[in-house]
Every structure is written in C-alpha cells, then in structure tokens.
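In the working numbering, the protein residues as written are 83 to 429.
Beta carbons: idealized from backbone N, C-alpha and C, even for Gly.
Remember, it's a predicted structure, so these values are computed and weren't measured experimentally.
A short worksheet on the structure shown next.
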Amino acid sequence: MTPTHGYAVHSSTTAAAPFDFERRKLGSSDVLIDIEFCGVCHTDIHQARNDWGNAIYPMVPGHEIVGTVSAIGSSVTKFKVGDKAAVGTFVDSCRECQSCKDGEEVYCDRDLVLPTYNAKDQNGKITFGGYSNNIVVDEAFTLHVPANLDLAATAPLLCAGITTYSPLKHWKVGPGSKVGIVGLGGLGHMALKFSHALGAQTIQFTTSNGKVDDAKRLGADEVILTKGEGWQAAHAKSFDFILDCVSAPHDIVPYLSLLKRDAVYCTVGIPSEPLRAPAFALAMGRKRVTGSASGGIKETQEMLEFCSKHNIVSDIEMTTFDKLEDAWNRVVKGDVKYRFVLDLKSL
Ligand code: NAP
Ligand code: ZN
Numbered sequence: 083m084t085p086t087h088g089y090a091v092h093s094s095t096t097a098a099a100p101f102d103f104e105r106r107k108l109g110s111s112d113v114l115i116d117i118e119f120c121g122v123c124h125t126d127i128h129q130a131r132n133d134w135g136n137a138i139y140p141m142v143p144g145h146e147i148v149g150t151v152s153a154i155g156s157s158v159t160k161f162k163v164g165d166k167a168a169v170g171t172f173v174d175s176c177r178e179c180q181s182c183k184d185g186e187e188v189y190c191d192r193d194l195v196l197p198t199y200n201a202k203d204q205n206g207k208i209t210f211g212g213y214s215n216n217i218v219v220d221e222a223f224t225l226h227v228p229a230n231l232d233l234a235a236t237a238p239l240l241c242a243g244i245t246t247y248s249p250l251k252h253w254k255v256g257p258g259s260k261v262g263i264v265g266l267g268g269l270g271h272m273a274l275k276f277s278h279a280l281g282a283q284t285i286q287f288t289t290s291n292g293k294v295d296d297a298k299r300l301g302a303d304e305v306i307l308t309k310g311e312g313w314q315a316a317h318a319k320s321f322d323f324i325l326d327c328v329s330a331p332h333d334i335v336p337y338l339s340l341l342k343r344d345a346v347y348c349t350v351g352i353p354s355e356p357l358r359a360p361a362f363a364l365a366m367g368r369k370r371v372t373g374s375a376s377g378g379i380k381e382t383q384e385m386l387e388f389c390s391k392h393n394i395v396s397d398i399e400m401t402t403f404d405k406l407e408d409a410w411n412r413v414v415k416g417d418v419k420y421r422f423v424l425d426l427k428s429l
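So, in structure tokens, the structure goes:
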C-alpha cells in the first residue's frame with residue numbers, strides 16, 4: 083500500500099499535525115475507501131484530549147467517514163469500485179456472540195467491538211480514523227450511502243445520526259410520545275430531526291439563547307431555555323422519553339422531575355464526570371436512567387435509508403485541517419451549527 087496521509091495528535095496537550103502511515107494490505111473481504119469528508123464529533127476532542135483516560139497516541143481521530151470505493155478484495159460482493167461508501171464508529175467485532183448475531187455489534191458480548199480509532203486490533207496495531215485520505219475496512223462493517231443525500235452532510239449521520247436514531251427507535255418514540263432533547267449540538271440536532279420525523283411531540287432544551295429559532299426550524303414543537311431557575315415547572319411529569327446529548331458535566335435532576343411514571347432518561351452524551359441522581363429522584367415515579375452507544379451495522383443502514391426517505395442530513399459547516407484547532411475550540415464552546423465536516427481535499 084502507498085502511504086496514507088492524515089492528521090494525528092501525539093499527546094493530550096498538543097494540536098493535531100500532519101501524519102503519514104500505512105493502512106493494512108487489502109484483504110479478500112476488504113474495501114479501500116478514498117475518504118472525501120469526515121465529520122468532527124465531540125468524541126474526537128474527548129479522545130484527543132484524553133478526557134476519558136484511555137487515549138492511545140499517535141491518534142488519528144474521525145468516525146464519520148464518507149467517500150468512494152477505489153479497490154475491493156477478491157471476495158467482496160456488497161461493493162464495487164466507484165460506489166459511495168461510509169464507515170462509522172467501529173470497524174470489526176467478534177461476529178459470533180449473541181449481540182453480534184442480533185446485529186448489535188456495538189454491544190459485542192466479548193468486548194471485541196473494534197473502534198474506528200483509538201483502539202488496537204487483533205495484531206496490536208492502533209486503529210486510525212477518518213482524519214486521513216483513505217481507509218481499509220471489511221465490507222461487513224461498511225455502509226452504502228443513498229444517492230439522493232448530499233455526501234458531505236451525510237458524514238455526521240455515521241455517528242451523530244445513528245447514536246440518536248438508535249435510542250429513539252429502541253424506546254419506540256412516535257406519534258403520541260412527548261420527547262425531550264437536551265443540548266442542541268451535533269447529536270442533539272440530529273435527535274431533534276429524527277424525533278420530529280418519527281412523529282413525536284418534541285421539546286428541545288438548550289442553554290443557548292442563540293439556538294432557539296434554529297431549534298424551531300429543525301422541528302421542535304417548543305424550545306426551553308434552561309438557564310436560571312424554574313424552567314422545568316410547566317412540564318412536570320409529562321415526558322415519555324428524554325435523550326441527553328450534552329458533552330459536559332451537568333445536573334440531570336431537574337430533567338428527572340419532567341418524566342412521567344416509569345419513563346426513561348437516556349444519555350448518549352458522555353461527559354467526563356459521572357451522572358449524579360439522588361435516590362429519591364429515581365424512586366419517586368420509578369424513573370429509569372439509561373444510556374445508549376452508537377448502533378449496529380444493520381440499524382445504521384436502516385437509519386441511512388430513513389434519512390434518504392425523509393430527506394434528512396446534518397446541518398454542517400465545512401472546514402479544513404488548517405482550521406482544525408479552531409473548529410475543536412468552537413465545538414467545546416457549543417458554537418457550531420451544527421456539525422463541522424472536514425473536506426479531505428484540504429489535506
Ligand atoms: P456537541 O456538538 O459539542 O454538542 C454538545 C451540546 O451540549 C452543546 O451544543 C450544548 O448545547 C450542550 N452543552 C455543552 N456544554 C454544556 C454544559 N456545560 N451544560 C449544559 N449543556 C452543555 O457534541 P456532540 O458531538 O453532539 O457530542 C455530545 C456528547 O455525546 C459528547 O460527550 C460525545 O462524546 C458523546 N457521544 C456519545 C456517543 C455514544 O455512542 N453514546 C456517540 C457520539 C458522541 P446547547 O448549546 O443547546 O445547550
Ligand atoms: Zn462520534
């Protein structure tokens with residue numbers, strides 16, 4: 083293989099810099115994808131800055147990958163050269179356990195789900211993600227991109243999209259449900275679009291004055307600013323499901339008071355501090371607090387088809403590698419509308 087060009091971080095305190103490396107040789111079931119666009123997920127920043135304490139350097143982030151297939155292995159049947167293809171948050175799993183058989187590879191019972199970056203494969207090689215000009219992935223972990231969707235705006239669907247679609251489907255939101263989305267960022271704005279498209283009454287919670295009009299445009303029936311006190315009073319015990327898409331530590335107790343009896347508070351946001359809830363806030367009303375990871379391959383393809391049918395993509399700001407540090411800083415400040423996407427031509 084010829085060298086791959088990318089951007090890597092080498093420590094939690096240094097900026098990403100140009101980095102060349104070798105992808106594995108194309109195996110019989112592999113596809114080689116020339117990457118055209120890669121979304122910037124808040125996870126990239128958590129990982130690069132070692133917020134979760136599990137960073138492996140050098141790290142080439144990026145798990146919202148779209149591009150064009152440029153070579154295929156001898157036994158590949160799903161793809162041909164020239165097809166548009168996408169890769170999300172993981173690139174392999176054990177494929178044999180019950181979760182993998184159920185199409186829930188992200189929850190592989192043997193803990194062999196292999197993240198797209200910041201992990202080590204079976205040969206001990208570090209996985210490198212989509213901040214790079216190509217990637218080699220087994221076709222079983224590669225997605226088809228519907229032709230009617232804008233390619234750059236499709237990239238964020240591979241993480242922000244599936245991570246919010248999956249819990250909304252799992253907890254069966256739809257007509258008749260009252261759903262809350264907490265945080266209007268990359269994940270939050272996709273959650274809002276999906277909840278609205280699924281027919282649920284959807285309420286957006288945000289800490290940002292400047293996002294209220296956008297939230298309505300994106301499908302919110304109502305927007306609640308959560309600055310100050312007392313904002314929760316009007317909605318006590320009325321929600322069936324609340325999806326928390328917040329990246330930073332925050333108080334979930336006011337939201338628990340909004341749940342109906344037996345209703346569900348699900349976090350997809352992964353702040354670096356544990357969620358805290360007094361036992362009373364859970365016991366009174368038999369509240370359920372849970373979490374959800376991205377989603378399996380079958381469901382990711384289903385989500386892409388749902389987007390194709392409903393004409394849903396991410397609202398994006400295009401950016402380039404020379405502005406990456408600025409883009410990351412803006413994401414941390416909650417100042418992106420609503421997902422940065424890297425143009426790989428800028429490498
Ligand atoms: P993002 O674009 O930065 O959005 C996060 C939003 O959280 C912000 O836009 C802001 O919304 C809100 N927020 C930020 N700081 C806050 C604070 N101190 N208090 C209250 N609200 C605050 O991030 P993202 O890419 O959507 O990712 C969100 C989280 O999900 C991250 O922790 C990421 O690692 C995690 N994630 C998890 C999975 C998974 O598999 N579960 C997958 C992908 C990402 P407002 O301005 O509207 O308040
Ligand atoms: Zn992500």
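Proximity to residue i [Cα-Cα], best of the options
i	options	result
Thr-245	Ile-208, Asp-322, Glu-381 and Ala-235	Glu-381
Phe-388	Glu-304, Thr-288 and Ser-277	Ser-277
Cys-327	His-317, Leu-114, Leu-340 and Pro-353	Pro-353
Pro-257	Ala-279, Ala-359 and Pro-249	Ala-279
Tyr-337	Pro-85, Pro-331 and Ala-363	Ala-363
Ala-345	Asp-174, Glu-221 and Val-261	Val-261
Gly-312	Val-335, Asp-295, Ala-302 and Asp-322	Val-335
Phe-211	Gly-267, Asp-116 and Gln-204	Checking the sequence shown, residue 211 turns out to be Gly, not Phe. Of the candidates Gly-267, Asp-116 and Gln-204, the one whose C-alpha sits nearest the C-alpha of Gly-211 is Asp-116.
Val-218	Gly-270, Val-148 and Pro-249	Val-148
Val-423	Asp-126, Gln-314 and Val-158	Asp-126
Asp-303	Asp-295, Pro-197 and Lys-309	Asp-295
Gly-301	Val-158, Lys-275, Glu-221 and Lys-251	Lys-275
Val-163	Gly-351, Ser-175 and His-226	His-226
Asn-291	Ser-94, Leu-266 and Leu-429	Leu-266
Asp-220	Leu-108, Ile-285, Gln-314 and Glu-178	Leu-108
Thr-224	Leu-114, Tyr-199, Lys-207 and Arg-412	Leu-114
Lys-207	Lys-160, Asp-191, Lys-293 and Phe-103	Phe-103
Asp-165	Glu-187, Leu-233, Ile-398 and Lys-251	Leu-233
Arg-368	Gln-383, Tyr-347 and Asp-184	Tyr-347
Glu-407	Gly-185, Tyr-89 and Pro-85	Tyr-89
Leu-325	Thr-372, Val-188 and Thr-86	Thr-372
Cys-120	Lys-419, Gly-416 and Phe-403	Phe-403
Gly-185	His-271, Leu-426 and Ile-379	Ile-379
Ile-398	Ala-99, Gly-268 and Lys-254	Gly-268
Pro-140	Leu-307, Ala-99 and Lys-309	Ala-99
Lys-405	Leu-307, Cys-190, Lys-309 and Leu-429	Leu-429
Buried/exposed call for residue i, threshold 16 Cβ in 10 Å
i	result
Gln-283	buried
His-128	buried
Glu-355	exposed
Ile-138	exposed
Met-366	exposed
Gln-180	exposed
Arg-421	buried
Asp-133	buried
Ala-361	exposed
Contact belief for residue i with residue j at Cβ below 8 Å, rounded distance in angstroms
i	j	result
His-145	Ser-329	That belief does not hold up - the Cβ atoms of His-145 and Ser-329 are roughly 15 Å apart, past 8 Å.
Ser-111	Gly-170	Not a contact, Cβ separation roughly 18 Å.
Ser-214	Val-142	6 Å
Ala-318	Ser-339	6 Å
Ser-390	Cys-241	Not really, about 18 Å apart at Cβ, beyond 8 Å.
Phe-321	Lys-342	6 Å
Asp-203	Leu-196	6 Å
Arg-105	Asn-200	The pair is not a contact, with the Cβ atoms about 16 Å apart (cut-off 8 Å).
Val-413	Leu-239	The Cβ separation is near 18 Å, so there is no contact.
Met-400	Tyr-247	Not confirmed; about 23 Å, so no contact.
Val-122	Ala-409	6 Å
Phe-172	Thr-198	6 Å
Where the alpha helix (DSSP H) containing residue i begins and where it ends
i	result
Glu-407	406-414
Phe-287	Per DSSP, Phe-287 belongs to no alpha helix (DSSP H); it is in the beta strand (DSSP E), 283-288.
Ile-379	379-392
Thr-432	Since the first residue of the chain shown is 83 and the last is 429, residue 432 is not available in this structure.
Thr-236	233-236
Gly-268	268-279
Arg-52	The requested residue 52 is not part of the displayed model; the chain covers only 83 to 429.
Arg-299	294-299
Phe-362	361-365
Strand pairing of residue i, partner residues [DSSP]
i	result
Pro-100	Tyr-89
Glu-304	Ile-285
Ser-214	Gly-88
Phe-172	Pro-197
Phe-323	Val-261 and Val-346
Ile-147	Cys-120 and Val-169
Lys-202	Ile-208
Asp-112	Asp-220
Ala-330	DSSP output for Ala-330 lists no bridge partner at all.
Ile-154	Val-113
Val-371	Tyr-347
Leu-341	Phe-321
Segment limits, beta strand (DSSP E) that includes residue i
i	result
Glu-399	398-401
Val-423	421-425
Neighbour flag for residue i against chain C, beta carbons, 8 Å
i	result
Phe-276	Checking the listed chains, one finds no chain C in this structure; it contains a single protein chain.
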